[in-house]
Every structure is written in structure tokens, then in C-alpha cells.
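Q: Numbering (our numbering), first residue to last: 12 to 312. Idealized CB from N, CA, C, for every residue including glycine. Fair warning: this is a prediction, and the values are worked out from it, not measured in the lab.
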Amino acid sequence: MTSERIVGNPLHRLWAIYALLSGLAVLFPHRPATWPIVVIMHAMIVALYWPLPPFQQGWDIITSRWPRFFRVIFDWLPLLLVPALYTELAPLNLMVHAGRYFDPLIIAIEQAVVGMPSSELAATFPILWLSELLHAGYLSYYFIIFLPPLALYLAGRRADYRRVVFTVLLSFFLHYLFFIYFPVQGPRYLFPAPGGAIADGALYRLTHHLLEAGSSRGAAFPSSHVGVSVTMALVMMRYMPKTAAALAVATILLANGAVYGGFHYATDAFFGLVLGTIAVVIAPRVYALLGGTWSPRDRAA
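(1) Just the C-alpha distance for PRO47 and HIS186, rounded to the nearest angstrom, thanks.
(2) With distances taken Cα to Cα, identify the nearest neighbour of THR262 among ALA213, PHE154, PRO137 and ARG16.
(3) If you run the structure through DSSP and keep just helix, strand and coil, what is ALA123?
(4) Between the Cα of LEU31 and the Cα atoms of MET247, VAL195 and TYR60, which residue gives the shortest distance?
(5) Using DSSP with H/G/I as helix, E/B as strand and the rest coil, what is ALA312?
(6) CB-CB under 7 Å to VAL57, same chain, minus the five flanking residues each way: which ones, in chain order?
(7) Determine the closest residue to ILE117 out of LEU214, LEU201 and ARG216, with distance taken between C-alpha atoms.
(8) Shortest alpha-carbon distance to PHE136 belongs to which of PRO194, ALA257, GLY272 and SER227?
(9) Is it the case that the CB of VAL241 approaches a heavy atom of the ligand FMN more closely than 8 Å?
(10) To the nearest angstrom, how far is the alpha carbon of PHE281 from that of MET243?
(11) Taking just the CA atoms, how far does PRO65 sit from SER151?
(12) When the Cα of GLY212 is compared with those of GLN122, ALA147 and ALA255, which residue comes out closest?
(13) Could you please give me the residues that DSSP links to VAL195 through a beta bridge?
(14) Please state whether DSSP places ARG24 in a helix, a strand or coil.
(15) Once you ignore the five residues that flank VAL246 on each side, which residues in its own chain have a CB closer than 6 Å to its CB?
(16) Would you mind working out which of LEU96, LEU92 and PRO252 sits nearest VAL49, comparing C-alpha positions?
(17) Ignoring anything shorter than 4 residues, give me the alpha helix (DSSP H) runs that lie fully in the segment 204-248, in order along the chain.
(18) Could you work out which residue in LEU105, ALA170 and ARG216 is closest to TYR139 when comparing CA atoms only?
(19) Candidates TYR250, LEU221, SER182 and ALA257: which alpha carbon is nearest PRO233's?
(20) So the candidates are GLN196, PRO102, ASP71 and PHE81; which of them puts its Cα closest to the Cα of GLY34?
(21) Looking at the structure shown, is LEU185 part of a helix, part of a strand, or coil, going by DSSP?
(22) Between the Cα of GLU249 and the Cα atoms of PRO295, ASP279 and THR278, which residue gives the shortest distance?
(23) Buried or exposed: which applies to ARG228, given that a residue is buried once 16 or more other Cβ atoms fall within 10 Å of its Cβ?
(24) Between which two residues does the alpha helix (DSSP H) holding GLY287 run?
(25) For the alpha helix (DSSP H) containing ALA259, name the first residue and the last one.
(26) Taking all protein chains shown into account, do 16 or more other C-beta atoms lie within 10 angstroms of the C-beta of PRO194, making it buried, or fewer, making it exposed?
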């Protein structure tokens with residue numbers, strides 16, 4: 012039986028730290044009149060996920076009455092709320108930089124290293140089947156995030172699940188802090204979408220439709236699509252090696268699709284790989300610093 016609390020465990024404390032660090036955007040002079048709402052929302056997250064001792068005792072009493080129910084809720088809530096965090100990235104980076112983005116710096120680095128803008132990749136290889144394959148890889152991101160944790164959870168490997176989700180959330184939060192304090196738009200906002208024959212592809216159209224409906228401006232560098240997928244593939248090598256092999260293939264397709272589709276610079280993808288790997292390396296230490304035990308596995312909690 013795990014000794015970690017249902018509320019206030021390392022997974023939740025990581026959330027609280029991110030809520031605090033991201034909320035510091037309100038200290039910059041470009042905050043809107045609605046900034047108190049941001050403060051209140053972030054303060055509520057901190058209070059919920061890292062409660063002061065009297066409130067922690069209250070949560071322990073409440074959750075002890077229906078432990079299985081509350082365990083499921085508070086195991087999944089941190090991961091399921093990540094899309095909500097994504098939607099606030101653009102307002103937060105506007106508070107910090109007032110609409111200034113660092114694309115010129117990233118483009119200059121890319122041209123110096125690669126020799127040409129990565130936005131030209133699709134024009135160089137306008138092949139429909141290749142485009143559809145790479146766009147399928149890009150769309151696999153949503154399966155990469157949720158399916159491996161779900162498989163662990165349904166298998167009763169709850170402690171493994173929490174360590175995997177902790178590592179993935181650490182990767183998310185590292186990327187998101189870049190998006191707030193060093194925003195980059197990405198080629199999608201600066202260059203026309205790849206056209207020609209590949210624009211007739213069903214997966215091409217679906218991908219662009221999803222991005223138009225829900226992308227967050229300034230969230231390009233480092234690529235969280237690449238970084239989080241790399242994190243998941245690496246961490247699952249320990250817990251589900253056969254699944255990790257499939258995740259590695261999907262991640263390679265995703266990274267290439269991110270650049271081919273004009274959603275990210277190649278520099279975004281490379282630094283996403285670096286940051287995603289760093290998250291895996293430091294996760295056990297961060298988990299321990301937040302009061303958890305990394306190594307034992309608990310299949311029953």
C-alpha cells in the first residue's frame with residue numbers, strides 16, 4: 012500500500028509549483044485589468060494541491076472515507092487539466108512580453124545550422140502519402156499522452172502510473188514556462204501553410220483544423236509535442252518496454268511531421284527532444300524532493 016497522500020502528493024505539489032511560477036506573469040507591467048482572476052485561480056491550485064497543514068489534515072479525513080473514489084479523481088485530475096493550462100499560455104506570455112515573440116532569433120539559429128528555413132521542407136518533398144504519414148504521426152500526440160498512462164492504470168500499476176504522469180507533467184511544465192517567458196510563434200503564424208497536392212490529404216486537413224481551433228500563440232519553442240512524446244517514450248522504456256518501441260516510432264514521425272507540416276521550426280523540435288530528455292533524467296530527483304519515493308512499485312493502491 013502506498014504511503015503517498017491522495018491529495019498533496021508529489022504529483023500535486025509539482026502542479027502547485029508550476030501554478031506559482033507561471034502565475035508570476037502577473038508581476039509584469041503588461042497585465043490586463045482581469046489579472047486578479049489569474050491570481051485567484053493560481054492561488055486556488057496552490058491551496059488545493061499543496062495545502063497548509065490544517066487543510067491537509069482535513070483532506071486526509073475526507074479522502075479516507077472514500078479512498079478509492081478520491082484516489083481515481085486525484086490521480087487523473089492533474090493530467091486531464093493540462094489542456095486548460097495550454098489555453099492560458101497566450102494570455103500569460105502577453106502579460107510578460109506584450110506581443111513580442113522571439114521568432115527572429117530562432118530563425119537565425121536555424122538558418123545558421125540547417126542552412127535553410129524548415130518551412131521549405133514540404134515544398135521540397137510535396138508527396139501526398141509522405142504528408143499523410145507525417146501528419147498522422149503529428150496527430151498521434153494525443154494518443155501518446157493518454158494511452159500509456161491509461162494502460163498502466165487499468166493494469167493496476169498505480170504507483171508506476173503516478174511516476175510516469177509525474178515525469179510527463181514535469182516535461183509539460185518545463186515547456187510551458189518557456190512558452191510564457193520566451194514565447195515563439197512558430198512558422199505556422201509567419202509563413203503560408205504548405206499547399207499543393209498535399210493540401211488534399213484528409214489528415215492534413217484534420218490537423219490544420221484542430222490547430223486552428225485550439226492552438227496557443229507563442230507555444231512553439233521548444234516543441235512540447237516533440238518534448239513530451241520523447242519523455243513518454245523514454246520513461247515507458249522502464250515500465251512497458253514493448254509499448255516504448257511503438258512510442259519511439261510514433262515520436263520520430265511526430266517530430267518530422269511537426270517540421271514538415273510547418274507547425275514548428277526544426278530548432279523547436281531539437282530543443283523539445285533535449286528538454287524532454289532532461290525531464291526524464293531529473294524526474295526521480297524532483298519526485299524525491301517533493302516527498303515521494305521513486306523506486307518501489309505499488310500495484311494495489
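A: Let's see:
(1) Stepping through the sequence shown from its first residue, residue 47 is reached at position 36. Stepping through the sequence shown from its first residue, residue 186 is reached at position 175. PRO47 and HIS186: Cα-Cα distance of roughly 25 Å.
(2) Against the sequence shown, residue 262 aligns to sequence position 251. Per the Cα distances, PHE154.
(3) Start at 1 with the first residue of the sequence shown, and residue 123 comes out as number 112. ALA123 falls in the helix class under three-state DSSP.
(4) For the purposes of this step, residue 31 is taken as the residue at position 20 of the sequence shown. It is TYR60 whose Cα lies nearest to the Cα of LEU31.
(5) Taking the first residue of the sequence shown as 1, we reach residue 312 at position 301. With a pLDDT of 45 at ALA312, under the threshold of 50, the modelled position of that residue is not reliable, and the figure given next carries that caveat. ALA312: coil per DSSP, three-state reduction.
(6) Indexing the sequence shown from 1 puts residue 57 at position 46. Only ALA27, ALA30 and LEU31 meet the Cβ criterion.
(7) In the sequence shown, counting from the first residue as 1, residue 117 sits at position 106. Answer by Cα proximity: LEU201.
(8) As a first step, residue 136 is located in the sequence shown; it is residue number 125 there, counting from the start. For PHE136, the nearest C-alpha among the options comes from GLY272.
(9) You won't find the ligand FMN in this model; it holds no ligand whatsoever.
(10) The count along the sequence shown starts at 1 and reaches residue 281 at position 270. The count along the sequence shown starts at 1 and reaches residue 243 at position 232. Cα-Cα distance, rounded: 16 Å.
(11) Sequence index remark: in the sequence shown, residue 151 carries index 140 (1-based). Sequence index remark: in the sequence shown, residue 65 carries index 54 (1-based). So the alpha carbons of these two residues sit roughly 43 Å apart.
(12) Sequence index remark: in the sequence shown, residue 212 carries index 201 (1-based). When each option's Cα is compared against that of GLY212, the closest is ALA147.
(13) In the sequence shown, residue 195 corresponds to position 184, counting from 1. According to DSSP, which records beta bridges pairwise, VAL195 is partnered with ALA230.
(14) Indexing the sequence shown from 1 puts residue 24 at position 13. Helix.
(15) Counting from one through the sequence shown, the residue named residue 246 turns up at place 235. For VAL246, where only same-chain residues beyond five positions count, the Cβ hits under 6 Å are VAL175, THR178 and VAL291.
(16) Counted from its first residue, the sequence shown places residue 49 at position 38. Of the candidates LEU96, LEU92 and PRO252, the one whose C-alpha sits nearest the C-alpha of VAL49 is LEU96.
(17) 213-225
(18) Counting from one through the sequence shown, the residue named residue 139 turns up at place 128. Inspection of the sequence shows that residue 139 is occupied by Leu rather than by Tyr. Of the listed residues, the one whose Cα sits closest to LEU139 is ARG216.
(19) Here residue 233 refers to the residue found at position 222 when the sequence shown is read from its first residue. Measuring from the Cα of PRO233, the nearest candidate turns out to be SER182.
(20) To locate residue 34, count along the sequence shown from 1; it is residue 23. Comparing Cα-Cα distances from GLY34 to each of GLN196, PRO102, ASP71 and PHE81, the minimum goes to PRO102.
(21) Indexing the sequence shown from 1 puts residue 185 at position 174. Here LEU185 sits in helix by DSSP.
(22) Here the question's residue 249 lines up with position 238 in the sequence shown. Strictly speaking, residue 249 in this sequence is Arg, with Glu absent from that position. For ARG249, the nearest C-alpha among the options comes from PRO295.
(23) Position 217 of the sequence shown holds residue 228. ARG228 should be labelled buried.
(24) Working through the sequence shown from its first residue, we reach residue 287 at position 276. Start and end: 277-300.
(25) In the sequence shown, the residue the question calls residue 259 occupies position 248. From DSSP, the alpha helix (DSSP H) with ALA259 extends over 252-271.
(26) In the sequence shown, counting from the first residue as 1, residue 194 sits at position 183. PRO194 is buried by the Cβ-count criterion.
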